[in-house]
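First comes the structure, then the notes that go with it.
Protein chains in written order, with the working numbering: chain A, 1 to 728; chain B, 729 to 804.
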């Protein structure tokens with residue numbers, strides 16, 4: 001096993017400082033244009049094989065026995081009957097007697113059998129005796145002074161208090177003060193492809209086909225958990241159907257699958273079902289904020305005082321940025337993470353940001369109403385200074401023009417009839433810088449090109465980006481490049497998360513392709529009588545910069561290699577990518593005040609991401625992010641029974657997701673910033689949508705919803721409260 | 729091919745070797761201006777490689793503040 005090394009951290013500037021040797025092309029052929037996904041045909045025809053689709057000789061199917069109770073002590077586990085069931089080849093206990101189970105769905109035992117049906121039957125034959133213990137089922141219960149101390153270190157973890165400026169002076173300067181409580185729900189990831197893998201042992205070497213966002217990270221995770229060398233593990237992810245931050249490790253099911261395969265002496269396929277997904281594979285924590293905020297008579301923010309809390313279930317991670325973006329000079333905040341007996345949180349598409357954005361942006365509209373300012377004008381007065389990584393002052397006017405914001409009416413649609421229309425706006429920010437990727441390029445004597453990188457395409461188009469940058473650099477058609485990714489045998493690349501992949505991978509590909517091209521130029525130059533530095537590659541030819549006729553075709557150039565291909569390694573270098581994105585969204589909604597149903601009809605997103613590599617997949621990211629936000633705003637909600645703590649909607653029937661008729665008209669206006677280099681885009685568009693929708697609903701109905709999701713019952717309740725004179 | 733181990737500002741040599749969070753696997757660059765737009769907050773979700781859960785082998789939640797010297801299940 002090679003000596004382990006640490007991946008160094010480096011700071012990325014807001015604007016790439018330039019890298020002359022590998023600079024991005026100034027007049028690209030493909031970059032920044034609409035390039036179709038190279039694997040689109042494979043996906044729509046079913047040729048693309050996801051982990052779920054992997055079939056191995058003599059493969060078995062695994063099934064996990066999970067706790068039905070949110071809190072229980074395991075008294076005994078009896079595998080006898082399961083082991084005797086038809087087709088069963090392996091059975092194991094995951095926990096020992098006396099183990100305390102802390103959430104519904106926690107793994108208790110597992111079986112592997114010849115068919116899925118046999119595995120399910122055998123799982124039902126595992127006899128587990130539980131001593132059911134009273135659970136903590138809500139943050140309110142967990143935080144109450146008389147709550148049982150369920151977690152050994154206490155049910156609440158206090159965060160550090162943040163305080164800036166002079167709060168008393170800030171409130172003294174306020175002409176108006178808002179005091180309200182806001183909250184967001186627990187959202188599960190609902191990846192279309194569930195978590196899971198296929199594990200196969202060959203002696204002491206493990207091959208795992210895993211639905212993961214990190215082939216290298218998952219390799220490390222298997223090795224650490226199984227106490228085997230990383231070099232003995234290979235993780236493959238050719239295609240995967242979404243993870244949204246929840247798939248960075250082998251997880252319990254991965255380790256169980258490997259152990260079942262070891263015990264059975266056969267490959268095991270263990271993919272989770274939808275109920276298991278909801279219960280045990282992570283979620284976005286809830287957020288609560290009790291806020292007092294002040295604004296001066298001329299519309300300047302003066303003070304912000306907040307107590308915040310939230311739950312990530314049986315784990316931490318419920319922090320969120322607050323206030324978000326806008327400048328409160330005097331502010332204080334105290335946050336608490338609350339533990340309850342429910343599945344733990346995991347990173348989820350811009351962790352913390354949708355919560356902080358929703359709470360702040362709804363508050364901003366409330367303050368704008370008090371000072372009788374248009375919401376955009378009010379925001380413009382309180383935004384940070386304009387900068388390359390903070391361009392809201394430029395983007396609000398662009399979005400307003402695209403959207404037709406000047407047609408906005410004051411809060412409360414005064415037109416007759418039950419259907420009310422409204423506009424809302426919001427802003428977002430995210431980092432998105434990457435580093436650390438490596439790649440390997442081969443130019444073959446027959447003209448073939450192979451680019452290998454140990455990244456993975458989690459549905460965002462990374463495979464296509466690798467092909468684009470390689471083809472652009474070598475002057476070849478995109479389909480002339482063989483892009484190989486999704487395998488931990490390929491050069492190291494980090495996990496695909498935090499919107500880092502494009503900024504991490506594309507510079508590595510650029511550097512590697514330039515190096516490979518330089519090697520080919522060195523071979524060809526003497527034959528053409530042109531110095532290597534004067535050769536360029538374009539349109540499938542290698543030729544003199546100022547004399548296109550003085551050259552040869554790509555194939556002719558490669559033929560000069562004889563039997564020895566060019567094989568070069570390259571890695572990410574600074575100067576080709578940056579960090580820090582900003583965006584603005586505006587939404588139009590239609591609210592039926594008789595049914596309480598809200599429908600988003602139109603949404604404009606103005607968003608930057610540095611240098612755009614593929615306009616089509618970038619726009620696709622925006623559209624996907626907006627839909628994510630629509631679901632967060634109106635539909636998704638993990639609901640726990642307040643008495644038993646069991647999830648009452650662990651499916652896709654009652655855990656609501658929008659359908660085709662819920663998709664608004666989306667305008668994705670991408671701002672190209674070639675001077676900044678590449679920046680990631682996965683997270684940013686998902687952040688601001690719910691807030692813009694919430695403000696649009698308030699603009700339509702005249703009532704303010706401060707709680708997500710904004711379901712019909714909440715709309716009707718708010719309208720009823722208004723009629724009763726209960727709200728402002 | 730070498731085999732890098734995860735690095736993190738939040739998890740270092742003083743912490744348990746089994747403590748993990750997503751940032752250890754994502755090769756991000758620090759967003760140096762982040763705190764110009766919002767104060768410090770912690771949305772980090774941790775897990776233990778031995779349980780693959782946010783709870784350690786001793787049943788207590790895992791966190792960079794907890795998973796270091798003095799906790800019985802820690803490994804270095």
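Where is the CB? At the ideal position from N, CA and C, for every residue including glycine. It should be emphasised that the depicted structure is a prediction, and the values quoted were computed from it without experimental measurement.
Worksheet entry | Supposed close pair residue 165(A), residue 329(A) - CB separation, criterion 8 angstroms | 5 angstroms
Item to complete: Taking the CB atoms as reference points, tell me whether residue 475(A) and residue 394(A) lie closer together than 8 angstroms.
Response: no
Worksheet item: Can you name, in chain order, every residue of its own chain whose Cβ lies under 6 angstroms from the Cβ of residue 101(A), other than the five neighbours on each side?
Response: 67, 72, listed in sequence order.
Worksheet item: In the structure shown, what three-state DSSP assignment does residue 585(A) receive?
Response: strand
Worksheet item: Cβ of residue 261(A) versus every heavy atom of the ligand MG: is any distance shorter than 7 angstroms?
Response: With respect to the ligand MG, the structure offers nothing, as it holds no ligand at all.
Worksheet item: According to DSSP, which residues form a beta bridge with residue 789(B)?
Response: 783(B)
Fill in: Alpha-carbon to alpha-carbon, residue 153(A) and residue 593(A)
47 angstroms
Practice prompt. Kindly indicate if chain B contains any beta-carbon less than 8 angstroms away from that of residue 214(A).
Written response: yes
Worksheet item: Which of helix, strand or coil does DSSP assign to residue 619(A)?
Response: helix
Discussion item. Would the stretch 302 to 313 of chain A count as touching the stretch 92 to 100 of chain A if we require 3 or more Cβ pairs under 8 angstroms?
Written reply: no
Fill in: Contact set between residue 784(B) and chain A, taken where Cβ atoms lie within less than 8 angstroms
None at all; the shortest Cβ gap to chain A is about 10 angstroms.
Worksheet item: Near residue 90(A), what residues of its chain come up, given a Cβ to Cβ distance below 6 angstroms and the 5 sequence neighbours on each side ignored?
Response: The beta carbon of residue 90(A) is closer than 6 angstroms to those of 112, 260, 263, 264 in its chain, skipping five residues each way along the sequence.
Practice prompt. Count the CB pairs spanning the stretch 502 to 518 of chain A and the stretch 455 to 467 of chain A that are closer than 8 angstroms, and state whether there are at least three.
Written response: yes
Worksheet item: Looking at the structure shown, is residue 598(A) part of a helix, part of a strand, or coil, going by DSSP?
Response: strand
Worksheet item: Are residue 577(A) and residue 434(A) close, meaning C-beta to C-beta below 8 angstroms?
Response: yes
Worksheet item: Is the beta carbon of residue 230(A) less than 8 angstroms from the beta carbon of residue 220(A)?
Response: yes
Worksheet item: Any idea what DSSP makes of residue 290(A), helix, strand or coil?
Response: strand
Practice prompt. Could you confirm whether any beta carbon from chain C is found closer than 8 angstroms to the beta carbon of residue 796(B)?
Written response: Included in the structure are the protein chains A and B, with no chain C among them.
Worksheet item: Are there three or more Cβ pairs, one per stretch, closer than 8 angstroms when the stretch 74 to 82 of chain A is compared with the stretch 227 to 247 of chain A?
Response: no
Worksheet item: According to DSSP, is residue 389(A) helix, strand or coil?
Response: coil
Discussion item. Let me make sure I understand the geometry here. Which of 171(A), 202(A), 225(A) has the alpha-carbon closest to that of residue 56(A)?
Written reply: 202(A)
Worksheet entry | Where residue 770(B) falls, given that 16 or more other Cβ within 10 Å makes a residue buried | buried
Worksheet entry | residue 540(A) versus 555(A), 238(A), 84(A), 443(A), residue with shortest Cα-Cα distance | 555(A)
Discussion item. Counting beta carbon pairs with one atom in the stretch 154 to 161 of chain A and one in the stretch 240 to 255 of chain A, are three or more of them shorter than 8 angstroms?
Written reply: With the rule of 3 Cβ pairs closer than 8 angstroms, the stretch 240 to 255 of chain A does not count as touching the stretch 154 to 161 of chain A.
Worksheet item: Can you name the residues of chain B whose CB is closer than 9 angstroms to the CB of residue 333(A)?
Response: 767, 769
Worksheet item: Do three or more CB pairs link the stretch 240 to 253 of chain A to the stretch 278 to 288 of chain A at distances below 8 angstroms?
Response: yes
Item to complete: Kindly identify the DSSP beta-bridge partner or partners of residue 496(A).
Response: In the DSSP output, where bridge partners are listed per residue, residue 496(A) has none listed.
Fill in: residue 258(A): first and last residue of the uninterrupted alpha helix (DSSP H) it sits in
251 to 264
Practice prompt. Could you check if residue 407(A) is buried or exposed, using at least 16 other CB atoms within 10 Å of its CB as the buried criterion?
Written response: exposed
Practice prompt. Starting from the C-beta of residue 472(A), find all residues in its chain whose C-beta is less than 7 angstroms away, skip the five residues before and the five after it, and write them out in chain order.
Written response: 25, 28, 29, 30, 31
Fill in: Exposure label - residue 753(A); buried when at least 16 CB within 10 Å
Outside the displayed range of chain A (1 to 728) lies residue 753(A), so it cannot be described from this structure.
Practice prompt. Inspect the beta-carbon positions of residue 614(A) and residue 35(A) and report whether they are closer than 8 angstroms.
Written response: yes
Discussion item. With a threshold of 8 angstroms between beta-carbons, can residue 739(B) be considered close to chain A, or not?
Written reply: no
Worksheet item: I think residue 742(B) touches residue 781(B), with their Cβ atoms under 8 angstroms apart; what is that distance to the nearest whole Å?
Response: Incorrect: roughly 22 angstroms between the Cβ atoms, too far for contact.
Worksheet item: Cβ of residue 791(B) less than 8 angstroms from any chain A Cβ?
Response: yes
Worksheet item: Using CA coordinates, which residue listed in 526(A), 579(A), 545(A), 589(A) is at the minimum distance from residue 561(A)?
Response: The residue with the shortest Cα to Cα distance from residue 561(A) is 526(A).
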